Amino acid sequence: MKALKERIKKDGRCFPGGILKVDNFINHQMDPILMKSMAVEFVRRFASTQIDKVITVEASGIAPAIMVGYLLELPVVFAKKSKPSTLENMLVTEVYSFTKNRTYTVCVSKDYLQPGDRVLFIDDFLANGNAGKGIMDLVEQAGAELVGMGFLIEKAFQEGGEVLRKAGIHVESLAIIESLEDCQIKFKE
Ligand code: 5GP
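Take the sequence shown: its position 109, counted from the start at 1, is 120 in our numbering, and no numbers get skipped.
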């Protein structure tokens, strides 16, 4: 997606360890106009997919997910990054965060992820695919169906994209970064 790539070139900042900061327009300050255009692009790419619900993980997935849900007029549920006080009625999994170098618990209520739900996962970044794998686990526990995953930015030099696609998931990423070596942002064409 051209507009996103242009914005990454203009405002993205590289950090050691293959981290791209997009705090100017996605992760801290947000650009709702660009966010809307990205959601429109997801809607186009998943046009032939039957979706009942959009799911994401708090916090940075919520903005793109709610834009997609708004356009599709579907509910949006976010997996919470907290240990529930009671496990009753909760689906729980563990996700390793490579940016924070720790594992955290994510959970979603069985009221909002139900058997038969056709679920689209939306998130800001795809790196090693750990958030995606966590969502796959929650969806499986619920007896729901994962119909696709959409990411604003995929870092192709990390394994997530390959792992998720090999698992048969329909993965769409709006900007794919091939390399951040020497802090040069190189896109996959
Ligand atoms: P994964 O779960 O695919 O291993 O990593 C994706 C998650 O880690 C995203 O939800 C995102 O919050 C965070 N993340 C991974 N890589 C980056 C990055 O380069 N920049 C930022 N801002 N977040 C990242």
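Every residue, glycine too, gets a C-beta built ideally from N, C-alpha and C.
Keep in mind that this is a model prediction, so the values were computed, not measured.
Check whether residue i and residue j have beta carbons under 8 Å apart
i: Leu15; j: Leu131; result: no
i: Gly179; j: Phe53; result: no
i: Glu189; j: Lys197; result: yes
i: Val88; j: Ile77; result: no
i: Phe214; j: Arg24; result: No information on residue 214 is available, as it lies outside the stretch 12 to 200 that the chain covers here.
i: Lys121; j: Met101; result: yes
i: Val150; j: Leu191; result: no
i: Leu82; j: Lys64; result: no
i: Gly80; j: Phe168; result: no
Strand pairing of residue i, partner residues [DSSP]
i: Cys118; result: Lys91, Val103
i: Thr67; result: Phe89
Nearest-angstrom beta carbon gap, residue j and residue i [assumed within contact, 8 Å]
i: Glu156; j: Asp128; result: 7 Å
i: Ala90; j: Val117; result: 4 Å
i: Ala142; j: Val182; result: Incorrect: roughly 13 Å between the Cβ atoms, too far for contact.
i: Glu170; j: Gly140; result: 7 Å
i: Ile187; j: Glu165; result: 5 Å
i: Thr67; j: Gly159; result: About 13 Å; that fails the 8 Å criterion.
Terminal residues of the beta strand (DSSP E) in which residue i lies
i: Ser190; result: 182–190
i: Ile196; result: Taken as a continuous stretch (DSSP letters only), Ile196 belongs to no beta strand (DSSP E), as it is neither H nor E.
i: Ile30; result: 30–32
Run of the alpha helix (DSSP H) containing residue i, from where it starts to where it stops
i: Ile19; result: 13–22
i: Asp148; result: 141–153
i: Gly172; result: 171–177
Residue i: CB within 7 Å of a non-hydrogen atom of ligand 3
i: Lys166; result: As presented, the structure is devoid of ligand 3, carrying ligand 1 as its sole ligands.
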